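Single-structure report; data block below.
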Amino acid sequence: MRVQLGKVRPIAGAVAALTATLLGSGASAGEFGKLESSLLLYSETDRVQAAEGLVSFNKYLAGGRILGAKLTLDGLTGASPNGATPSRRIQTFTSPSGNGSYSVAPGTTPLDNTFRDNRIALDVSFSQPLDRLTTLVLGGHYSGEQDYTSLAISGGITRDLNKKNTTLGISGSYAHDLSSPMGGAPIPFSTMAASEEDEDNDEHGGDGSSETKNTFDVILGVTQVFDRRTIVRFNYSFSHASGYLNDPYKLISLVQDENSTDPGEPAGYIYEGRPGTRNKQALFGKFRRYLSGNTLDLSYRYFWDDWKIHSHTVEIFYRWQFDDNRALQPHIRWYRQSRADFYRQFLVQGTSLPTYASADYRLGDFDALTLGLQYFLPLGLGSRLSLGAEYYTQIGDRSPPQAFGSLREFDLYPDLKSFIIKLGFERDF
Amino acid sequence: MISKLESTYRLFRREDFWVIEFTAMGGPCEILLKSDCQSEAERLASLAFLETLRIEQKYSRYRDDNIVHRINNAHGRSVALDSETSRLLEYAGHCFKLSEGLFDITSGVLRRAWKFQGQETVPDAEKIRSLLELVGWGKVELKEQSFRMPENMEIDFGGLGKEYAVDKVAEMVFRDSGFPVMVNFGGDIRALSGKKNGSPWLIGIENPHSENGTAGTIELKDGAVATSGDSRRYCLVAGERLGHILNPHTGWPVRQAPQSVTVIAERCTEAGLLATLAMLQGRDAESFLALQGVTYHCIR
Amino acid sequence: MKIRKIFFLITGLVFALNIFSGCAPMGVQVWERDILAKPSMQLDATTNDRAIDEHIYFSKEASSGGGGFGGGGCGCN
Chain D
1 MRVQLGKVRP IAGAVAALTA TLLGSGASAG EFGKLESSLL LYSETDRVQA
51 AEGLVSFNKY LAGGRILGAK LTLDGLTGAS PNGATPSRRI QTFTSPSGNG
101 SYSVAPGTTP LDNTFRDNRI ALDVSFSQPL DRLTTLVLGG HYSGEQDYTS
151 LAISGGITRD LNKKNTTLGI SGSYAHDLSS PMGGAPIPFS TMAASEEDED
201 NDEHGGDGSS ETKNTFDVIL GVTQVFDRRT IVRFNYSFSH ASGYLNDPYK
251 LISLVQDENS TDPGEPAGYI YEGRPGTRNK QALFGKFRRY LSGNTLDLSY
301 RYFWDDWKIH SHTVEIFYRW QFDDNRALQP HIRWYRQSRA DFYRQFLVQG
351 TSLPTYASAD YRLGDFDALT LGLQYFLPLG LGSRLSLGAE YYTQIGDRSP
401 PQAFGSLREF DLYPDLKSFI IKLGFERDF
Chain W
1001 MISKLESTYR LFRREDFWVI EFTAMGGPCE ILLKSDCQSE AERLASLAFL
1051 ETLRIEQKYS RYRDDNIVHR INNAHGRSVA LDSETSRLLE YAGHCFKLSE
1101 GLFDITSGVL RRAWKFQGQE TVPDAEKIRS LLELVGWGKV ELKEQSFRMP
1151 ENMEIDFGGL GKEYAVDKVA EMVFRDSGFP VMVNFGGDIR ALSGKKNGSP
1201 WLIGIENPHS ENGTAGTIEL KDGAVATSGD SRRYCLVAGE RLGHILNPHT
1251 GWPVRQAPQS VTVIAERCTE AGLLATLAML QGRDAESFLA LQGVTYHCIR
Chain Z
2001 MKIRKIFFLI TGLVFALNIF SGCAPMGVQV WERDILAKPS MQLDATTNDR
2051 AIDEHIYFSK EASSGGGGFG GGGCGCN
């Protein structure tokens, strides 16, 4: 900006941006707080149906502090695979509560449809700037359902560097979970009682006491501004869990061996048993870019743990912004998981039992795909609505090589298909 | 420029709005509020008046009990900053960089070499040279919560303070009440109407060449007007009329500067900044403003 | 899998060096943050949406973590 030479740069835009920051009038956020509420409807074909509602409110206090509270309610009904394999004959299982039993038709994946659960969760958070570049966040969590309670505390610090182009963050949490399965926690590998004869409900060794689990999590993250239109984030997370990690309701079919009269047919059912500790790690990267009004968001996560599970997650969002602030956002998520080393779809009678085993399909090999579309609509007066629909599917190995006998006739990993509807409402005060 | 603080304000009704009048920031101040509610107008008048006084007292260089005095008398030591002052100094620093040094709040000391009362002057080159050594934002050390500058340097919020007060008061009143408001402190104006339909504010621009003539009218719903230049403050050097805005690089008033520059922008602080920078372009004031893409009026 | 881990380690190091080196630093000036300030460019917005997604995937898959963290605390995995 030489006065004489006339090499003047246009700076009006920059001055406007700086002035907005100076006056604190640039933010379109409200002064007092923000309300967010959401509703989720989830439905798997022939299996689980769930509904979840959340309401959260963040109150802005003096000094840049923010106090937040969130209430979540969810309810689950429907049927979930209990881990057993299909059979040519009708199979009967004792229901987890011990009162009664249920049967499944031949050739179908055994689903436990006595599943009904309601959960309530409460989260509180407090955010406090320690100075202009550093923020402290503290949080607490409680959730409770009929057979499970969880309490957690968390804390984190973020620090801005390089004129706020770089943000470093570290956070940690500790959770203490209490599991009181209906009928008591079964001893791993103990046999499921064949019928309702077990009135004391102690055949499987459960003594009605509860089991605990402790989890420690740490996340390290860096967020970096690349240029005017691009921002990137990398995270590393580590989690250590110890205690009761089994699913108390999951079984494994003990099938007759190849030389028996009915190879592959179930001879009995035993409860699963997982290790008492689990160490999980993940590396995550996200890239967001502004492209003439629209935004592209790409992320990748690589996950691995000491149960030998590995997974890749790729997610892409593209937000189409229309002139008047409405937006349409399609998204696609691709997920591939490779199984835990103790994952077994069945165990063979007569062979020595492994130290750990689980037939929980969630620990197996599968690919999952999510296709979603979300629509954002501002309602005026600082309110915004969003509507979303998603389709989620999991595809596993329906005919694994180790299947033999009658097992070869069945789909040992039926596809999971679910439809999801989300409604969201936000309001600035 | 002595600021005369009157201890109170006047509130009265004119047509369909309330008028709050007082004297501050070195001149007449007026706030117009479109509302029918008297009690609200009274409450807001009090708040606006107190906020204006607060900013004036906090950033005036004539007082000996504020942060500016502490900074200017720190003798090279570090001074602790509150968050508002820290943000203002940071803003001044960014503007210094963006303007390549033309906007510099440490340049106030140069006024010791000049008198702008319309008289013929022979500038003292030696004095100007020695004062220039005390000018330069690059010499200060601004940290988040502290500020330090070499002994004998001075900072002066004169080029920012009034426009900043206009924006703060207008936004405070508007956020509180939602009423359309126009704040006018001696020609530095901010108007906020929100999205309500209704007539915009009408602002007349003065022509310094004639006592009562206007140079035009601006219609403003949401926006700001700031004027740089003062027809009554000038000096004559070798018969040439020079305005009172000093170039921090040379220590001299700008030659061939317009008599006044009026800029229209979204906020008063940025309008004022651009108007000051335009003046400093001297002959090129109009082309500078044209390049910035803002609406402006120059009077020569 | 080992190769993947090494790849990430290197990427992370290169990245970290870049941030702390200060030579040709990445980033923008304070007055160039207009686009980054837009709601659609906030990485930490839409907290409810992400909490819902986390919950669904946590109940149906074996992985967790990544984007941020928050209590899982349900008996579903």
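So the sequences go chain by chain: D, W and Z.
Per the numbering used here, the first sequence starts with residue 1, numbered consecutively.
Per the numbering used here, the second sequence starts with residue 1001, numbered consecutively.
Per the numbering used here, the third sequence starts with residue 2001, numbered consecutively.
Backbone N, C-alpha and C fix where the C-beta goes; we use that ideal spot for every residue, glycine too.
Please read these numbers as outputs of a predicted model, since none were measured by experiment.
Interface flag, residue i vs chain Z, CB-CB below 8 Å
i	result
aspartate 262 of chain D	no
threonine 223 of chain D	yes
lysine 422 of chain D	yes
glutamate 211 of chain D	no
arginine 233 of chain D	yes
leucine 138 of chain D	no
aspartate 227 of chain D	yes
asparagine 279 of chain D	no
arginine 47 of chain D	no
isoleucine 309 of chain D	yes
serine 190 of chain D	no
tyrosine 417 of chain D	The displayed chain sequence assigns lysine, not tyrosine, to residue 417 of chain D. By this cut-off, lysine 417 of chain D is not an interface position.
Terminal residues of the beta strand (DSSP E) in which residue i lies
i	result
tyrosine 236 of chain D	230-243
glutamate 390 of chain D	383-396
arginine 1175 of chain W	Segment 1161-1177 is the alpha helix (DSSP H) holding arginine 1175 of chain W; no beta strand (DSSP E) there.
threonine 212 of chain D	211-227
phenylalanine 1309 of chain W	Here chain W covers residues 1001 to 1300 and nothing more, so residue 1309 of chain W does not appear.
asparagine 1184 of chain W	1181-1185
tyrosine 148 of chain D	148-161
alanine 368 of chain D	366-380
isoleucine 1299 of chain W	1295-1299
asparagine 1247 of chain W	Where asparagine 1247 of chain W is concerned, there is no enclosing beta strand (DSSP E), given that its DSSP letter is neither H nor E.
glycine 144 of chain D	134-145
glutamate 426 of chain D	416-428
tyrosine 413 of chain D	Neither: tyrosine 413 of chain D is in no beta strand (DSSP E) and is coded neither H nor E.
arginine 333 of chain D	327-338
C-beta neighbour in chain W for residue i, strict 8 Å
i	result
aspartate 131 of chain D	yes
threonine 19 of chain D	yes
valine 314 of chain D	no
isoleucine 120 of chain D	no
alanine 14 of chain D	yes
isoleucine 66 of chain D	no
Residue range of the alpha helix (DSSP H) that includes residue i
i	result
aspartate 2049 of chain Z	2047-2060
proline 13 of chain D	The question names proline, yet the displayed sequence has glycine at residue 13 of chain D. Counting along the chain, the alpha helix (DSSP H) containing glycine 13 of chain D begins and ends at 12-23.
glutamate 1270 of chain W	1268-1279
valine 1068 of chain W	1067-1072
Secondary structure of residue i, DSSP reduced to three states
i	result
leucine 1261 of chain W	First, the residue type needs correcting, since residue 1261 of chain W is valine and not leucine in the sequence shown. Strand, per DSSP.
valine 124 of chain D	strand
lysine 1058 of chain W	helix
cysteine 1235 of chain W	strand
histidine 176 of chain D	strand
glutamine 1038 of chain W	helix
tryptophan 2031 of chain Z	helix
glycine 273 of chain D	strand
leucine 1011 of chain W	strand
histidine 1045 of chain W	Note on identity: in this sequence residue 1045 of chain W is alanine, with histidine being the wrong assignment. Residue state, collapsed to three classes: helix.
glycine 1229 of chain W	coil
phenylalanine 1017 of chain W	strand
phenylalanine 284 of chain D	strand
Residue-level contact to chain D via CB, residue i, 8 Å cutoff
i	result
arginine 2033 of chain Z	yes
glutamate 2054 of chain Z	no
cysteine 2023 of chain Z	The pLDDT assigned to cysteine 2023 of chain Z is 46, lower than 50, so where the model puts this residue is not dependable, and the model offers no usable value.
cysteine 1235 of chain W	no
leucine 1142 of chain W	no
Rounded Cβ spacing between residue i and residue j (contact assumed at less than 8 Å)
i	j	result
arginine 47 of chain D	glycine 78 of chain D	5 Å
valine 15 of chain D	glutamate 1270 of chain W	5 Å
leucine 35 of chain D	histidine 1094 of chain W	Contact doesn't hold; Cβ gap of about 35 Å is too wide.
leucine 379 of chain D	leucine 387 of chain D	Not confirmed; about 12 Å, so no contact.
Ignoring anything shorter than 4 residues, give me the alpha helix (DSSP H) runs that lie fully in the region 1075-1151 of chain W, in order along the chain. 1083-1098, 1125-1132
Runs of beta strand (DSSP E) lying entirely within the region 34-112 of chain D, each at least 3 residues, in chain order: 48-60, 66-78, 91-94, 101-104
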